[in-house]
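2 protein chains.
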Amino acid sequence: MTRLQLFEEIKRKKSFLCVGLDTDIKRLPPHLMRCDDPVFEFNRQIIDATQEFCVAYKPNLAFYESSGPGGLQSLESTVRYIPSGFFTIADAKRGDIGNTAEMYARTFYDYYRFDSVTVAPYMGKDSVVPFIQPGKFAIVLALTSNAGSMDFQLGELSVTFQGRRERLFEHVLRIASGWGNADELMFVAGATHPELIGKIRNIVPDHFLLVPGIGAQGGSLDEVSAQGLNSTVGLLVNSSRNILYASSGEDFAEAAHREAQRIQMEMQIILESRF
Amino acid sequence: MTRLQLFEEIKRKKSFLCVGLDTDIKRLPPHLMRCDDPVFEFNRQIIDATQEFCVAYKPNLAFYESSGPGGLQSLESTVRYIPSGFFTIADAKRGDIGNTAEMYARTFYDYYRFDSVTVAPYMGKDSVVPFIQPGKFAIVLALTSNAGSMDFQLGELSVTFQGRRERLFEHVLRIASGWGNADELMFVAGATHPELIGKIRNIVPDHFLLVPGIGAQGGSLDEVSAQGLNSTVGLLVNSSRNILYASSGEDFAEAAHREAQRIQMEMQIILESRF
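These protein sequence lines map, in sequence, to chains S and E. The opening residue of the first sequence carries number 1 in this note's numbering; numbering runs sequentially from there. The opening residue of the second sequence carries number 1001 in this note's numbering; numbering runs sequentially from there.
Structure representation (structure tokens):
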């Protein structure tokens, strides 16, 4: 999927919601445990219940890998089940030397057929460019939503680059945005730092930002939107736990439907004032 | 396995060699393609041929994931086949927020039963500490062996930290070494920067360093050893492609045996002068 196709989908559905499929087998409603593949069955019902309100799905690889090869089978079934027209993100945060990065790209693009993969910047350009392929996006971590973002990205350190002082996350944005344009790269920008989304937008005016941290982690949709929207919307805001576990009972899918709808309606108001 | 048990194994076998199992299905000798699981069969023969000469095995996750769930089955068979007494490393370079890092730890420690996992530092402390568990090691990327290490780890940037100027990889070592002691953490230090191994050793005198980049990537064992050895050896030097693909024919295992033995004999000379 291209950036402009994603923009069209966002306008059509009046939503820039990404549903994070962080499906924890230990948190599934008990009645699903009788199914052959409880994780896939949960995801299938979540996808059915939320597809009206979102434009993207983002399985978190860790949750599938933790069950071994069988967990990856659930992932494969899930990705195959996501209807065409949705932007799919492998939230894998990979980052390794060139020949290994190529194998990871093969994994997520050729085997599972995702549209994009989240990648870590620490190992530099040759660890990221194998994920830039026609119609695919490398989504580079810039500023993450966790407490650990204080350690290096935002921490006590500051970087002097060509006479300018900046923090590591700004430096990563500045350098990595030279590796690919807005049709090739996106960046992760955590909603738990809404005051910095505007700074990020200044460095990368055109790129889409994948924004985790709304909901369970405490970020605000209004603040992120005020700072982060650009001329093609430029935001994919993720919600995982708040939607998946809106109810822990047999009504989990209806509860997920209501929660996704609630977020979509907030997004519609935000979009209608701009597009 | 504890650090002192690893030290004892290194002395007993006169080797600090780690064999990297970056097994690419596209590079297997053709006669193996008739087996049910060619990747496992290749690894089984490599393990049989090299176990006399090494103390650790390091499967590179990308190479298994790229074949989907079946590839993970080959990984599982491989890890189960490695005899006890070897230190096992999941070369996965994971790094994510706390609840996701816990799922990855569950994957590699509880499911596959590895002794250690390589982890990326960009997301900070809460992305690393879930990998610190009794008898297990988080192996944190500090200075990697690829060209991209110039971009952030060593690049044009320099960090001012408490009045001291240092590069990002030094800062990562200084901060991350506060998250766990030498019985809990190791660091990746690429052999392609041998002049910096001594600097790394000054910052983390006691921790083991996992050293990739010997062989195919051009690093020198003598230089790395001169700068990196400590009182418990403190080095695991990895070789992957040079051993796995020493021959592309039916004699691949014999060729791997000779190459592993060649490296072990160099290591024996280095160790005998010190231990």
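Glycine included, every Cβ here is placed at the ideal spot set by N, Cα and C. These numbers were taken from a predicted model, which means no experiment stands behind them.
Item to check | Of the listed residues E/Lys-1125, E/Lys-1136, E/Ile-1269, E/Ile-1097, nearest to E/Phe-1108 (C-alpha basis) | outcome: For this step, residue 1108 of chain E is matched to residue 108 along the second sequence. Nearest C-alpha to E/Phe-1108: E/Lys-1136.
| field | Cross-strand partners of S/Ala-276 (DSSP beta bridge) | value | No information on residue 276 of chain S is available, as it lies outside the stretch 1 to 275 that chain S covers here.
Are any of the Cβ atoms in chain E nearer than 9 Å to that of S/Tyr-81?
For the purposes of this step, residue 81 of chain S is taken as the residue at position 81 of the first sequence. False, the Cβ-Cβ gap to chain E never drops below 9 Å.
- [ ] Please list the segments of the beta strand (DSSP E) lying wholly inside the region 1157-1188 of chain E, counting only runs of 3 or more residues, in order along the chain.
- [x] 1159-1161, 1164-1166
- alpha helix (DSSP H) containing E/Pro-1038: first to last residue? In the second sequence, residue 1038 of chain E corresponds to position 38, counting from 1. Element bounds for E/Pro-1038: 1038-1050.
Against chain S, does E/Leu-1173 count as a neighbour if the rule is that its beta carbon must be under 9 Å from one of theirs?
Taking the second sequence and counting its residues from 1, the one referred to as residue 1173 of chain E is at position 173. No, no contact with chain S.
To the nearest angstrom, how far is the alpha carbon of E/Ala-1138 from that of E/Ile-1047? Translated into the one-based positions of the second sequence, residue 1138 of chain E becomes position 138. Translated into the one-based positions of the second sequence, residue 1047 of chain E becomes position 47. For E/Ala-1138 and E/Ile-1047, the distance between alpha carbons rounds to 24 Å.
**Report entry** Cutoff 9 Å: S/Gly-68 Cβ touching any chain E Cβ
**Finding:** Here residue 68 of chain S is taken as the residue at index 68 of the first sequence, counted from 1. It does: the Cβ of S/Gly-68 has a partner Cβ on chain E nearer than 9 Å.
Query - Proximity of E/Phe-1275 and E/Gly-1234 at Cβ, strictly below 9 Å - result: Position 275 of the second sequence, counted from the start, is the residue given in the question as residue 1275 of chain E. Position 234 of the second sequence, counted from the start, is the residue given in the question as residue 1234 of chain E. No; because the gap between Cβ atoms is not below 9 Å, this pair is not in contact.
Determine the chain S residues that contact E/Met-1150 at a beta-carbon separation under 8 Å, and present them in chain order. For the purposes of this step, residue 1150 of chain E is taken as residue 150 along the second sequence, with counting starting at 1. Correct list: Gly-124.
Residue nearest to S/Ser-149 in terms of C-alpha spacing, selected from E/Trp-1179, E/Phe-1169, E/Ser-1127, E/Arg-1167 | Numbered from 1 along the first sequence, position 149 holds the residue referred to as residue 149 of chain S. Here the closest residue by C-alpha is E/Ser-1127.
* To do: Taking only beta-carbon positions, decide if S/Leu-141 is within less than 9 Å of chain E.
  => Stepping through the first sequence from its first residue, residue 141 of chain S is reached at position 141. It does: the Cβ of S/Leu-141 has a partner Cβ on chain E nearer than 9 Å.
Requested in this report: Mind listing the chain S neighbours of E/Ser-1177? Cutoff is C-beta to C-beta under 7 Å, in chain order.
Outcome: Residue mapping note: residue 1177 of chain E aligns to position 177 of the second sequence, counting from 1. Those within 7 Å of E/Ser-1177 in chain S number zero; the least Cβ separation is about 13 Å.
Could you work out which residue in S/Glu-272, S/Gln-261, S/Tyr-111 is closest to S/Val-19 when comparing CA atoms only?
As a working mapping, residue 19 of chain S is identified with position 19 in the first sequence. Cα-wise, what sits closest to S/Val-19 is S/Gln-261.
- Using the Cα positions of S/Ile-200 and S/Gly-95, report the straight-line distance between them to the nearest angstrom. Here residue 200 of chain S corresponds to residue number 200 of the first sequence, with the count starting at 1. Here residue 95 of chain S corresponds to residue number 95 of the first sequence, with the count starting at 1. Their backbone Cα atoms lie some 22 Å apart in a straight line.
Can you look up S/Tyr-81 in the DSSP assignment and give me helix, strand or coil?
Counted from its first residue, the first sequence places residue 81 of chain S at position 81. If DSSP states are grouped into helix, strand and coil, S/Tyr-81 belongs with the helices.
| query | Between the beta-carbon of E/Asp-1091 and the beta-carbon of E/Pro-1059, is there less than 9 Å? | reply | Indexing the second sequence from 1 puts residue 1091 of chain E at position 91. Indexing the second sequence from 1 puts residue 1059 of chain E at position 59. Yes, they are a contact pair.
Exercise for review: Determine the direct distance from the alpha carbon of S/Arg-44 to that of S/Tyr-245, and round the result to whole angstroms.
Suggested key: Within the first sequence, numbered from 1, the residue matching residue 245 of chain S stands at position 245. Within the first sequence, numbered from 1, the residue matching residue 44 of chain S stands at position 44. Going from the Cα of S/Tyr-245 to the Cα of S/Arg-44 covers about 14 Å.
Taking only three categories from DSSP, how would you classify S/Pro-134? Your numbering for residue 134 of chain S matches position 134 in the first sequence. Note: S/Pro-134 maps to coil in three-state DSSP.
*Short check: CB of S/Val-237 to CB of S/Val-211, under 9 Å?*
Here residue 237 of chain S is taken as the residue at index 237 of the first sequence, counted from 1. Here residue 211 of chain S is taken as the residue at index 211 of the first sequence, counted from 1. Yes, Cβ-Cβ distance for S/Val-237 and S/Val-211 is below 9 Å.
| said: Does any residue of chain E have a CB that is nearer than 9 Å to the CB of S/Asp-48? | reply: By 1-based counting over the first sequence, the position of residue 48 of chain S is 48. S/Asp-48 does not count as touching chain E.
_Using a Cβ-Cβ distance cut-off of 9 Å, determine whether S/Gly-218 contacts chain E._
As a working mapping, residue 218 of chain S is identified with position 218 in the first sequence. No, S/Gly-218 does not count as interfacial toward chain E.
- Query: Which of helix, strand or coil does DSSP assign to S/Val-55?
  - Reply: Your numbering for residue 55 of chain S matches position 55 in the first sequence. In this structure, S/Val-55 counts as coil in the three-state DSSP scheme.
Please check the pair S/Ser-66 and E/Tyr-1064, which I expect to be a contact at CB under 8 Å, by giving their CB distance rounded to whole angstroms. Translated into positions along the first sequence, residue 66 of chain S becomes position 66. Translated into positions along the second sequence, residue 1064 of chain E becomes position 64. Their Cβ separation, rounded to whole angstroms, is 15 Å, which puts S/Ser-66 and E/Tyr-1064 out of contact at 8 Å.
Checklist entry - Distance, Cα to Cα, E/Leu-1229 vs S/Glu-76? => result Reading the second sequence from its first residue, position 229 is the one you call residue 1229 of chain E. Reading the first sequence from its first residue, position 76 is the one you call residue 76 of chain S. Between E/Leu-1229 and S/Glu-76, the C-alpha separation is close to 45 Å.
Beta-carbon spacing of S/Asn-146, E/Met-1265 below 9 Å: Position 146 of the first sequence, counted from the first residue, corresponds to residue 146 of chain S. Position 265 of the second sequence, counted from the first residue, corresponds to residue 1265 of chain E. No, the Cβ-Cβ distance between S/Asn-146 and E/Met-1265 is not below 9 Å.
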